Structure formats: structure tokens, C-alpha cells
Amino acid sequence: MSITKDQILEAFAAMSVMEVVELIEAMEEKFGVSAAAAVVAGGAADAAAAVEEKTEFDVVMTSHGENKVAVIKAVRGATGLGLKEAKAMAESAPVAVKEGVSKEEAEALKKELEEAGASVEIK
Numbered sequence: 001m002s003i004t005k006d007q008i009l010e011a012f013a014a015m016s017v018m019e020v021v022e023l024i025e026a027m028e029e030k031f032g033v034s035a036a037a038a039v040v041a042g043g044a045a046d047a048a049a050a051v052e053e054k055t056e057f058d059v060v061m062t063s064h065g066e067n068k069v070a071v072i073k074a075v076r077g078a079t080g081l082g083l084k085e086a087k088a089m090a091e092s093a094p095v096a097v098k099e100g101v102s103k104e105e106a107e108a109l110k111k112e113l114e115e116a117g118a119s120v121e122i123k
């Protein structure tokens, strides 16, 4: 029996963020690959140009800090996740809270999470 691309996409759409993260990790392990982007040798100049033109940023929580409850609340407010998913995200730091957001949104989210007690990086 063959599964179509549309069926796979529908299955992904029904998954929680944490389920997708776990699936990606399982795929990386099974196939010996990484979902991280790699810089091709000789492309350093292209990479430098890309950094200058960067318009999308990832907000990565590196630690939930001492006040985990406040951080979970901030994660829920920023992502719309349920309590269980937000708690799992906070406890699995380092983790990307939001990806591909504008610089202004990334900085606002970083400030909100840091005020709650988390350690945050913008990448």
C-alpha cells in the first residue's frame, strides 16, 4: 500500500508541535541525517551576504530558568499551545519557540520570555 504526499501532509497537520519534533528526531536517527542547514564549502561569501539580508529569525529558549510556571505561561501566550505542550516545550530547552518571525516580533518575544525568567537567544 502506497501513502501519498497529501496523506502524509494531513497526518502532519493533525500532530502537535512536540509530536512533530519527536518525528523529526526519529527520522534523523533512522536515516542518519540532520534537519539543520549546512553551509556548503566555498559559500562563506554567500553566507555573509545572507546574514546581512536576514529578515526571518528564530527565537530559541535555552533554559526555562527558576520560574518555570511563568515561562510556561509566556510560551502558551506566544504560541497558542495547550498547557501540556507548553510545559513539554519549556522542559525540553534548548528549543525553538517560534521560527521565521520578523526581527521586531523576535525581540518582543525574547523580552517577554526573559521577563518570565527564561534564557533566550535570537538566531
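In my numbering, the protein residues as written are 1 to 123.
All residues carry an ideal CB built from backbone N, CA and C; glycine is no exception.
Quick caveat: nothing in here was measured; it's all calculated off a predicted structure.
Under 7 Å, do residue i and residue j count as touching if we go by C-beta distance?
i, j, result
"residue 31", "residue 122", "no"
"residue 74", "residue 112", "yes"
Once DSSP output is grouped into helix, strand and coil, what is the label at residue i?
i, result
"residue 122", "strand"
"residue 69", "helix"
"residue 98", "strand"
"residue 32", "coil"
"residue 61", "strand"
"residue 113", "helix"
"residue 93", "coil"
"residue 54", "coil"
"residue 11", "helix"
"residue 82", "coil"
Roughly how far, in whole angstroms, is the beta-carbon of residue i from the beta-carbon of residue j, given that I think they are within contact range, below 8 Å?
i, j, result
"residue 59", "residue 94", "Wrong, their Cβ atoms sit about 11 Å apart, outside the cutoff."
"residue 120", "residue 55", "In fact, because the Cβ distance is near 20 Å, the residues do not count as touching under 8 Å."
"residue 78", "residue 116", "Going by Cβ atoms, the distance from residue 78 to residue 116 rounds to 10 Å, so no, they are not a contact pair."
"residue 64", "residue 118", "5 Å"
"residue 34", "residue 25", "With 8 Å as the limit, residue 34 and residue 25 do not qualify as a contact, their Cβ atoms being about 10 Å apart."
Report buried or exposed for residue i, applying the criterion of at least 16 other Cβ atoms within 10 angstroms of its Cβ.
i, result
"residue 9", "exposed"
"residue 110", "buried"
"residue 81", "buried"
"residue 3", "exposed"
| query | Is there contact here, the region 85–92 with the region 16–31, by at least three beta-carbon pairs under 8 Å? | reply | yes
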